[in-house]
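Before any comments, here is the structure.
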Amino acid sequence: MTGVLSGVLVLDLSWGIAGPAAAMLLCTHGAEVTRIERPGEDPFADWLDYRVYHRGKRSAVLDLADTADRDRFLALASTADVVIESFAPGVTARFGIDYPTLSARNERLVYCSITGYGPESQHRDRPAYDQLVAARTGFQWEVRAWPGSSADHVAGRDLFGPSTDLPADERHWFDRSGPVFTATPAPSISTAYLAALGTSAALRARETTGRGQLVETSLLQGIVAYQGSMWQRSEHASDITGRPTSMGEIMNHGPGITIMSGSWCFYECADGRWINQWTSRPEWAILAGAGDELRHPDPAELDAFLAKTGGRNADLATLLRVRMQAKPIFAKFPQADWVRLAAEASVALQPVRPPEEVLCDPALIEDGWIADVDDPELGALRQPGVFYRLGLTPGSVRRAAPRRGQHTQAVRDEAATMSAARTIAVGPGRSLAGPLAGIRVLDFGLAVAGPWGGELLAQLGAEVIKIDPPKQNMWLSTNMAMKVNRSKRHVSLDVKSAEGLDVAYELVRQSDVVLMNIRPQAAAKLRLDYDSLRAVNPTLVYCRTAGFDRSRAHLPGNDQTGNALGGTEWEDGGMARGGRPYFSGASGGDLGNGYLSAIGIVQALYHRDRTGEGQEVHTNIVNASMFSSARVYTTPVGQRFERPTVDPEMLGLGALYRLYQCREGWLCVAAFGEAHWAALARAIPVLANDEHFATRELRSTNNDALACVLDEQLRSDSAEHWFALLDRAGVPCEISSNQFSQIVLDDPELRERELIVSREGHLVHGRMEMFGRLIEFSDTRAEVGGPPAIPGQHSREVLRQFGYSDAQIDQLCAASVLFETTAPVAASTV
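The sequence shown begins at 0 in numbering that gives the first Met the number 0 and counts up one residue at a time.
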């Protein structure tokens, strides 16, 4: 078996990125996917090349408004396992292909619906293009490089002080006001993960219930998932000095932690190439490059330098001054020399690379993460391969994307002979409180990537137990940790001791899944690697999330350096057009890695349900970065194919998909196709009268001139004025909101839908308001968890559950193997 989903039949009715990318993940792991294309123009034709997203699929053109073609589709759906669609709310009902209609014909059908905002949302009729949803929800402002964090900016905190003399472009990375348009289609990428995860979970649930169900998610929920660290509020909060302060401050910084704009981690080298150094401090580089040759700094000298600059406890102004001191040092030596020295010293530093270079990386090719595909039009192409690997069922890229309509006749012939008598094994028909109800997960993950996978499993109904050593207590108080551990119980355990390892093994013996994201050599040393734990529990599903591929597995990895290696930072900074690398909340490295781990684990459980076999799952940040840029492909020699790229000011991908500054506010326009252009030209007559823009080809050739005309026109009035005018004319557009994050936690609709939830009982913060439901299931709807635990909150409770007596637990605590919390509930309100 090459794919865990072999034999699963999928009908892909989606377009854009979210649906096709989700279907691609299923296809790569064995599902047989038939893409049902609509006749006429694809609205994304100017902006998307589907060679990666549609690889391995078949393509048939069916007109669902035509009775005969609709009947053909109904015949296909009557024996399908999965339908994925991204129509606007209400459209499938008008066509007669909605979930109630199809499920009446096929009760085992899993029907995944992807919308912009949700079928019952007040925004349900707004255009659901990626950057328009990012504009309406304020996401374009959230990904801006604010010093400190977006929460600091929203709260009005100037972390440099009002009299700072530090230059604006150093503090903000670029000296431009306003929102940011990233090349990474982050809302769709996040939603693609959610759709693939929800569909996989529903297939797994079907093995037990015997029934399919409706699975729903949206671009809005994709953004909520990405912003869960920032969109938080608590009843009680105080910093380590006891001074009352805001939730944003205590949770974004926490004791001794300062989170800076990710753009501060970039340095240009002597050869004009860039590196990303993150978590390790620039003082190391200042000493390493002080002379004429690079050298390893003396440890005592480095300690003394760090003590002088304040190290991790320095304020942002001091940190920035150190960074400015490091810039000319990095510029003395080429990129490769810095990468070599950092690897020798185990410093977190990696090169910023274009996606084409990533796809030609010999280590990634050797590790099997890159695929060679014979494209019928372009010949030999190199693309990202599998994005996560299951040890027993690894998956593969089976063939190139088809020509549009290539399989239409074959699919019509199949529909004509299709029978609902296709035999599918029926499950025992039990009900489930969630797709993963009854599954127990031990989450040993650190930081964000590992724990995010565990949090997603908890949202699917799994019982997730977070296990950390006491040294992680500080991190667990931060906003990022609270997001990724919202729904778990917490055990504080020293697994380095023999007694602690024995406890861990007993927990493993009685569990189904282990999540691990420490480096493999550390896991092996602790005897928490897959081989060790498989000996304890042979049917275990074990997921190892990593920073990089096997050749770099010994190096320290993180979100920023993984995205540098994976190509996202190159794309988002518009470097192909002379920009600088850029890291933001749109990059999705850590979160993407967590998403991939959750999808892989659910599919491994699906396999175990059928065969009784456990297996190992592998994911990494570089693969998540490649998924974010999966629209890119190259040749074996690294040829660059033309594609829309963001400009250095990060305003847009072209004149008609772009941010514009108005007299007051910002407007985002997404004019795809001839109908949108005609509407835009009616609303702004000067466009209709200019022969340079008369055809699609001329508009492409004269893109810069068109952007200048639109920029001049839109600056003449407010964003509100232009929004009303263009929206009425039928031009897809949105005002880029800088207010959404300030009202999102109080939005009554989001609360009613449980996209935002309030949970009582945090032992420090009291009532907490956080992100909520990311995927809707019609049949196996799990409860939304929370609030987050504090370190050791459930140590005694969990060990009792696993058979330990109070006397044994007391002995473990006395020996400093197990730790319990005694934290009081906060008494002050801010």
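The beta-carbon is built from N, C-alpha and C at its ideal position, and this holds for glycine as well.
Small disclaimer: the values here were computed from a predicted structure and weren't measured.
Excluding five sequence neighbours on each side, which residues of the same chain lie with their C-beta closer than 6 Å to the C-beta of residue i?
i           : result
residue 639 : 355
residue 681 : 728
residue 8   : 31, 79 and 80
residue 792 : 489 and 820
residue 24  : 195
residue 866 : Lying before the first or after the last residue shown, residue 866 is absent from the chain, which here runs from 0 to 829.
residue 406 : 57, 58 and 59
Let me check one thing: in DSSP terms, what residues is residue i bridge-paired to?
i           : result
residue 669 : 656
residue 111 : 83 and 214
residue 382 : 370
residue 36  : 60
residue 847 : The requested residue 847 does not occur in the structure, where the chain is confined to residues 0 to 829.
residue 761 : 765
residue 903 : Any question about residue 903 goes unanswered here, given that the chain covers just 0 to 829.
residue 632 : Beta-bridge pairing links residue 632 to no other residue.
residue 818 : 491
residue 651 : 657
residue 770 : 755
Over what stretch of residues does the alpha helix (DSSP H) that includes residue i continue unbroken?
i           : result
residue 417 : Note, residue 417: premise wrong, no alpha helix (DSSP H); not H, not E.
residue 876 : As shown, the chain starts at 0 and ends at 829. That puts residue 876 outside it, with no answer to give.
residue 739 : 739 to 742
residue 792 : First-last for residue 792: undefined, no H or E at that position.
residue 812 : 805 to 813
residue 619 : Run containing residue 619: none in the alpha helix (DSSP H); it sits in the beta strand (DSSP E), 614 to 619.
residue 528 : No alpha helix (DSSP H) contains residue 528, which DSSP labels as neither H nor E.
residue 478 : 478 to 483
By Cβ distance below 7 Å, which residues in the same chain neighbour residue i in space, the five residues on each side in sequence not counted?
i           : result
residue 498 : 811, 814 and 816
residue 253 : Here residue 253 scores only 31 on pLDDT, less than 50, and its place in the model is too uncertain to base an answer on.
residue 331 : 269 and 288
residue 716 : 661 and 662
residue 142 : 179, 181, 583, 584 and 585
residue 421 : Note on residue 421: pLDDT 49, under 50, position unreliable in the model; no value is reported.
residue 675 : 730 and 731
residue 384 : 367, 368, 369, 370 and 396
Could you check what DSSP says for residue i in three-state terms: helix, strand or coil?
i           : result
residue 512 : strand
residue 488 : strand
residue 47  : coil
residue 720 : helix
residue 732 : strand
residue 389 : strand
residue 831 : As displayed, the chain neither begins before 0 nor continues past 829, which places residue 831 out of reach and without an answer.
residue 683 : coil
residue 520 : helix
residue 756 : strand
residue 544 : strand
residue 304 : helix
residue 825 : For residue 825, the predicted model reports a pLDDT of 44, less than 50, meaning its position is unreliable; a value from the coordinates is still stated below. The answer is coil: DSSP assigns residue 825 none of H, G, I, E or B.
residue 2   : strand
residue 31  : strand
residue 250 : Confidence at residue 250 is low in this model, with a pLDDT of 32, below 50, so its placement is unreliable and the value that follows should be read with caution. Of the three classes helix, strand and coil, the one that applies to residue 250 here is helix, per DSSP.
residue 663 : coil
residue 138 : helix
residue 776 : strand
residue 703 : helix
Starting from residue i and walking both ways along the beta strand (DSSP E), at which residues does that stretch end?
i           : result
residue 234 : That residue, residue 234, is in no beta strand (DSSP E); it is neither H nor E in DSSP.
residue 592 : Looking at the DSSP string, residue 592 is not in any beta strand (DSSP E); the run it does join, the alpha helix (DSSP H), is 588 to 610.
residue 265 : 265 to 267
residue 9   : 8 to 11
Please work out which residues of its chain come closer than 8 Å, Cβ to Cβ, to residue i, disregarding the five sequence neighbours upstream and downstream, and give them in chain order.
i           : result
residue 324 : 281 and 285
residue 293 : 287, 332, 336, 337 and 340
(message) Within 8 Å, do at least three Cβ pairs link the segment 781 to 798 to the segment 746 to 765?
(response) yes
(request) Flag this pair as touching only if the segment 613 to 633 and the segment 661 to 678 have three or more C-beta atom pairs under 8 Å; answer yes or no. (result) no
(message) Does the contact criterion of 3 or more C-beta pairs under 8 Å hold for the segment 554 to 564 versus the segment 583 to 591?
(response) yes
(message) Quick test of the definition: if touching needs 3 or more C-beta pairs under 8 Å, does the segment 27 to 45 touch the segment 388 to 395?
(response) yes
(request) Determine, using beta-carbon pairs with one atom in the segment 193 to 201 and one in the segment 105 to 121, whether at least three such pairs fall under 8 Å. (result) yes
(request) Determine contact between the segment 66 to 76 and the segment 396 to 408, defined as no fewer than three beta-carbon pairs at a distance below 8 Å. (result) no
(request) Tell me, please, whether the segment 571 to 581 touches the segment 592 to 604 by the rule of three or more beta-carbon pairs shorter than 8 Å. (result) no
(message) Contact between the segment 123 to 132 and the segment 213 to 230 is defined here as three or more beta-carbon pairs at a separation below 8 Å; is this criterion met?
(response) yes
(message) Can you confirm whether the segment 541 to 556 touches the segment 513 to 528 when touching is taken to mean that 3 or more C-beta pairs between the two stretches lie within less than 8 Å?
(response) yes
(request) Evaluate contact between the segment 545 to 560 and the segment 342 to 361, counting only Cβ atoms and requiring at least three cross-stretch pairs below 8 Å. (result) yes
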